[in-house]
Amino acid sequence: MKIAVVGAGIVGITTAYELARDGHEVTVFERRGAAAEESSFSNAGVLSPGYVTPWAAPGMPWKVIKQMIGSHAAFRLNFPLKGADIAWLWRFWRACNLPTYQRHRTALQQLAFYSRSRLHEITESHSLEYDRAEGYLIALRTEKDRAMVQPSLQVLRDLGVTFSELDEAAAREIEPAINTDTRFAGAIHLAQDEVANCRQFALLLKDECRKLGVQFEFNTSVQKLQIAGMNTAQGATLFVADTQANSQLSSQLSSQSPGIDQAAREFAFDAVVLCTGVQAEPLLSKLGIHLPLRPVYGYSVSAHVKEPLNAPRSGLMDERYKVSITRLGQRVRVAGSAQVGGRAGEMNRSAINTLYKVLHDWFPGAAVMSQGVQEWQGARPMLANRPPVISRAANNSPVWLNLGHGSSGWALSCGSARLLADKIAGRAGDISALAYALQSEA
Ligand SMILES: Cc1cc2nc3c(=O)[nH]c(=O)nc-3n(C[C@H](O)[C@H](O)[C@H](O)COP(=O)(O)OP(=O)(O)OC[C@H]3O[C@@H](n4cnc5c(N)ncnc54)[C@H](O)[C@@H]3O)c2cc1C
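Rendered as structure tokens:
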């Protein structure tokens with residue numbers, strides 16, 4: 008089939024790869040000039056399938072309210088909130104009950120473990136080399152933090168995930184560079200988990216896609232998606248516009264289609280897969296689909312390793328502040344904060360300061376802070392009350408969705424892509440796809 012993938016974040020790139028592997032003729036449209044320039048650009052890089060759980064959980068609203076207090080709050084509401092944010096919070100709150108949480112957690116973890124094995128297969132089969140390190144430490148500042156993580160440890164036990172509960176001394180053996188001035192209660196060590204650079208992987212996989220014949224149309228925004236009807240398999244037409252007036256594509260297309268308005272060009276496909284992250288709404292709403300998908304902003308700071316002996320070996324998560332510190336090759340990255348409301352490009356200084364504080368608490372002197380520091384804001388494509396949608400838009404529709412991977416898009420991407428490709432091929436996948444189908448809200 009001739010298939011368009013809209014969006015070249017980690018979800019779009021992995022989707023294009025799996026579709027091309029299945030023999031489809033794939034074109035990727037991306038409004039930015041390169042792959043992984045939006046949410047997949049500078050995320051924490053944590054791949055911890057046992058910790059991929061829904062944010063909407065019993066007791067979460069109160070935890071969120073408590074976490075909002077203080078200058079180092081893990082959760083933030085940026086006022087004034089838009090109506091869509093308030094509606095999102097309302098749906099989120101309604102999903103904070105045990106049966107919904109358990110159902111969604113099972114779905115997410117099934118996908119995350121599957122995704123990890125698919126990521127390893129892809130990495131090995133193409134000998135991809137990107138910054139990665141094994142092991143993940145959940146650092147517990149106090150005994151209260153230890154008590155708070157007990158329910159998630161029970162989940163890990165139920166899943167058969169191997170982990171160890173460590174005291175401070177044992178945690179320091181795993182991460183010897185931890186600040187000697189910082190006293191803490193201990194840590195949970197997940198030796199099989201890992202951290203890895205999402206953007207690097209996306210760029211390498213893009214090259215593999217090209218080798219498989221995938222066409223990339225960068226600087227190209229899909230503005231409209233036209234189909235004969237939601238339930239007809241008659242293909243789809245994409246109307247695209249160049250995001251750079253003098254891009255190569257622009258001149259190519261104008262010479263192919265002289266006289267046609269340069270602002271919009273048409274491409275016909277048998278099927279279209281939307282992997283548009285937080286920007287799904289404009290295309291979806293024209294199809295009559297309304298997902299409770301909002302950006303939940305987070306931040307990261309990346310800096311070059313100053314002295315390897317003072318830097319983390321792999322990943323550490325500060326359970327109190329919900330901030331992770333990861334070692335990605337010659338860089339240290341500290342990431343966290345969950346902010347509802349606000350705007351893309353509007354950096355929250357207070358959230359960034361928390362990242363510097365947490366880095367200093369655990370690994371002072373790990374990174375060069377005087378130059379080459381990258382501060383980044385990213386938007387998690389969060390669905391309020393359900394796992395990601397990996398599904399056909401409607402019976403027989405030529406439109407497919409791979410959307411809403413929230414805080415774990417990197418950890419879920421490879422499995423989601425394989426699952427979607429299997430669905431398009433009409434094959435029973437390796438895992439059940441039921442939980443990710445487009446259905447009425449929980
Ligand atoms: C601070 C932070 C830390 C995180 N840490 C982790 C982590 O440790 N582990 C983990 O698994 N996940 C993590 N995440 C989440 C993860 O980064 C996201 O879930 C993931 O990047 C989403 O990928 P995506 O491909 O869906 O979206 P994106 O990467 O945003 O890709 C969507 C792409 O679609 C393009 N696009 C949209 N609309 C159009 C259009 N109309 N035409 C053409 N192109 C279009 C956009 O330009 C964009 O490039 C983190 C996120 C943040 C913010």
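326 is the number that my numbering gives to position 319 of the sequence shown; each next residue is one higher, with no gaps.
Glycine included, each C-beta is placed from N, C-alpha and C at the ideal position.
All values derive from a computational prediction rather than experimental measurement.
Task: Residues sharing a beta bridge with N409, DSSP - done: Stepping through the sequence shown from its first residue, residue 409 is reached at position 402. Answer is I397.
Open item on the list: Can you determine whether any heavy atom of ligand 1 sits closer than 7 Å to the C-beta of Q109, and answer yes or no?
Closed with: In the sequence shown, counting from the first residue as 1, residue 109 sits at position 102. No, Cβ of Q109 sits at least 7 Å from all heavy atoms of ligand 1.
- [ ] Check whether the Cβ atoms of L390 and L300 sit closer than 8 Å, and answer yes or no.
- [x] Reading the sequence shown from its first residue, position 383 is the one you call residue 390. Reading the sequence shown from its first residue, position 293 is the one you call residue 300. Yes, the Cβ-Cβ distance between L390 and L300 is below 8 Å.
- [ ] Decide if V279 is buried, meaning its Cβ has at least 16 other Cβ atoms within 10 Å, or exposed.
- [x] As a working note, residue 279 is residue 272 in the sequence shown. Classification for V279: buried.
Open item on the list: Taking a contact to mean a Cβ-Cβ separation below 8 Å, would you say L419 touches P395 in this structure?
Closed with: Stepping through the sequence shown from its first residue, residue 419 is reached at position 412. Stepping through the sequence shown from its first residue, residue 395 is reached at position 388. The Cβ atoms of L419 and P395 lie closer than 8 Å to each other.
- [ ] Report whether the distance from the Cβ of I140 to the nearest heavy atom of ligand 1 is below 7 Å.
- [x] Within the sequence shown, numbered from 1, the residue matching residue 140 stands at position 133. One detail in the question is off: residue 140 reads as Ala in this sequence, not Ile. Checking the Cβ of A140 against ligand 1 gives no.
- [ ] With distances taken Cα to Cα, identify the nearest neighbour of P158 among S404, Y108, L96.
- [x] Along the sequence shown, read from residue 1 onward, the residue named residue 158 stands at position 151. For P158, the nearest C-alpha among the options comes from Y108.
Open item on the list: Assuming contact is defined by CB atoms lying nearer than 8 Å, are F223 and H196 in contact in what I supplied?
Closed with: Taking the first residue of the sequence shown as 1, we reach residue 223 at position 216. Taking the first residue of the sequence shown as 1, we reach residue 196 at position 189. Contact: no.
Open item on the list: Given 7 Å as the limit, tell me if Q161 has its C-beta closer than that to any heavy atom belonging to ligand 1.
Closed with: Your numbering for residue 161 matches position 154 in the sequence shown. Not one heavy atom of ligand 1 lies closer than 7 Å to the C-beta of Q161.
- [ ] Report whether the distance from the Cβ of Q286 to the nearest heavy atom of ligand 1 is below 7 Å.
- [x] Counted from its first residue, the sequence shown places residue 286 at position 279. Result yes, Cβ under 7 Å from ligand 1.
Open item on the list: Check for me: the beta strand (DSSP E) holding R123 runs from which residue to which?
Closed with: Counted from its first residue, the sequence shown places residue 123 at position 116. Unbroken run through R123 is the alpha helix (DSSP H), 105 to 132; no beta strand (DSSP E).
Task: Complete runs of the alpha helix (DSSP H) confined to the region 151 to 192 [at least 4 residues] - done: Runs of the alpha helix (DSSP H) inside the region 151 to 192: 175 to 181.
TODO: Grab me the residues of A373's own chain with a C-beta within less than 6 Å of its C-beta, minus the 5 sequence neighbours each way, in chain order.
DONE: Mapped onto the sequence shown, residue 373 falls at position 366. Here the set comprises N317, A318, V339.
Open item on the list: Given 7 Å as the limit, tell me if P61 has its C-beta closer than that to any heavy atom belonging to ligand 1.
Closed with: Locating residue 61 in the sequence shown gives position 54, where the first residue counts as 1. No, since every heavy atom of ligand 1 falls outside the 7 Å radius drawn around the Cβ of P61.
Task: For D277 and N403, the rounded distance between their alpha carbons - done: Within the sequence shown, the letter at position 396 stands for residue 403. Within the sequence shown, the letter at position 270 stands for residue 277. Put simply, the backbone Cα of N403 is about 11 Å away from that of D277.
- [ ] For D174, count neighbouring C-beta atoms within 10 Å of its own C-beta (all shown protein chains included) and say buried if the count is 16 or more, exposed if not.
- [x] By 1-based counting over the sequence shown, the position of residue 174 is 167. D174 comes out exposed.
Open item on the list: Could you compute how far the alpha carbon of A440 sits from the alpha carbon of L426?
Closed with: Locating residue 440 in the sequence shown gives position 433, counting from the first residue. Locating residue 426 in the sequence shown gives position 419, counting from the first residue. Approximately 7 Å between the Cα atoms of the pair.
Open item on the list: Can you tell me whether T187 is buried or exposed? The criterion is at least 16 other CB atoms within 10 Å of its CB, across all chains shown.
Closed with: Stepping through the sequence shown from its first residue, residue 187 is reached at position 180. Counting every other CB atom within 10 Å of its CB across the protein chains shown gives T187 a total below 16, marking it as exposed.
- [ ] Answer yes or no: the CB of Y24 versus the heavy atoms of ligand 1, is any distance below 7 Å?
- [x] Position 17 of the sequence shown, counted from the start, is the residue given in the question as residue 24. No, the beta carbon of Y24 sits no closer than 7 Å to any heavy atom of ligand 1.
- [ ] Take the Cβ of F99 as the centre, count every other Cβ of all protein chains shown within 10 Å, and call the residue buried at 16 or more, exposed below.
- [x] Position 92 of the sequence shown, counting from 1, holds the residue named residue 99. The residue is buried, with at least 16 neighbouring Cβ atoms inside 10 Å.
- [ ] Along the beta strand (DSSP E) that carries N357, what are the first and last residues, could you check?
- [x] Looking up residue 357 in the sequence shown gives position 350. Reading off the sequence shown, one finds Ser at residue 357, where the question assumed Asn. For S357, no beta strand (DSSP E) encloses it; the enclosing alpha helix (DSSP H) starts and ends at 356 to 369.
Task: Buried/exposed call for S292, threshold 16 Cβ in 10 Å - done: Taking the first residue of the sequence shown as position 1, residue 292 is located at position 285. Burial state of S292 is exposed, judged by a 10 Å Cβ sphere holding fewer than 16 other Cβ atoms.
Task: Spatially closest choice to I181 from A198, A192, T189, by CA coordinates - done: Along the sequence shown, one-based indexing puts residue 181 at 174. Of A198, A192, T189, the residue nearest in Cα terms is A198.
Open item on the list: Given this structure, state the Cα-to-Cα distance separating Q259 from E128, to the nearest angstrom.
Closed with: Here residue 259 is taken as the residue at index 252 of the sequence shown, counted from 1. Here residue 128 is taken as the residue at index 121 of the sequence shown, counted from 1. Note that Q259 has pLDDT 47, beneath the 50 cutoff, so the model's placement of it is unreliable and no number is given.
Task: Candidates R125, T227, C216: closest to E32 by CA position - done: What you label residue 32 is simply residue 25 of the sequence shown in a count that begins at 1. Closest option to E32, Cα to Cα, is C216.
TODO: Please confirm whether any heavy atom of ligand 1 lies closer than 7 Å to the CB of H412.
DONE: Residue 412 sits at position 405 when you count from the first residue of the sequence shown. Because some heavy atom of ligand 1 lies under 7 Å away, the Cβ of H412 counts as near it: yes.
Open item on the list: Please report the straight-line C-alpha distance between E25 and L335, rounded to a whole angstrom.
Closed with: Working through the sequence shown from its first residue, we reach residue 25 at position 18. Working through the sequence shown from its first residue, we reach residue 335 at position 328. E25 and L335: Cα-Cα distance of roughly 26 Å.
Open item on the list: Please state the DSSP three-state secondary structure of F208.
Closed with: Taking the first residue of the sequence shown as 1, we reach residue 208 at position 201. Secondary structure at F208: helix, using DSSP grouped into helix, strand and coil.
Open item on the list: Measuring straight from C-alpha to C-alpha, what distance separates R148 and G352?
Closed with: On the sequence shown, residue 148 is found 141 positions in, with the first residue counted as 1. On the sequence shown, residue 352 is found 345 positions in, with the first residue counted as 1. R148 and G352 have their C-alpha atoms spaced approximately 32 Å apart.
- [ ] Below 8 Å on the Cβ atoms is my guess for H79 versus K364; work out the distance and round it to an integer in Å.
- [x] In the sequence shown, residue 79 corresponds to position 72, counting from 1. In the sequence shown, residue 364 corresponds to position 357, counting from 1. So it is a contact: roughly 6 Å between Cβ atoms.
- [ ] For P183, count neighbouring C-beta atoms within 10 Å of its own C-beta (all shown protein chains included) and say buried if the count is 16 or more, exposed if not.
- [x] For the purposes of this step, residue 183 is taken as the residue at position 176 of the sequence shown. P183 should be labelled exposed.
- [ ] Work out the CA separation of L118 and E172 for me, nearest whole Å.
- [x] Residue mapping note: residue 172 aligns to position 165 of the sequence shown, counting from 1. Residue mapping note: residue 118 aligns to position 111 of the sequence shown, counting from 1. In this structure, the CA atom of E172 is about 26 Å from the CA atom of L118.
- [ ] Examine ligand 1 and report whether any of its heavy atoms sits within less than 7 Å of the Cβ of F36.
- [x] One-based indexing of the sequence shown puts residue 36 at position 29. Flag set: Cβ of F36 near ligand 1.
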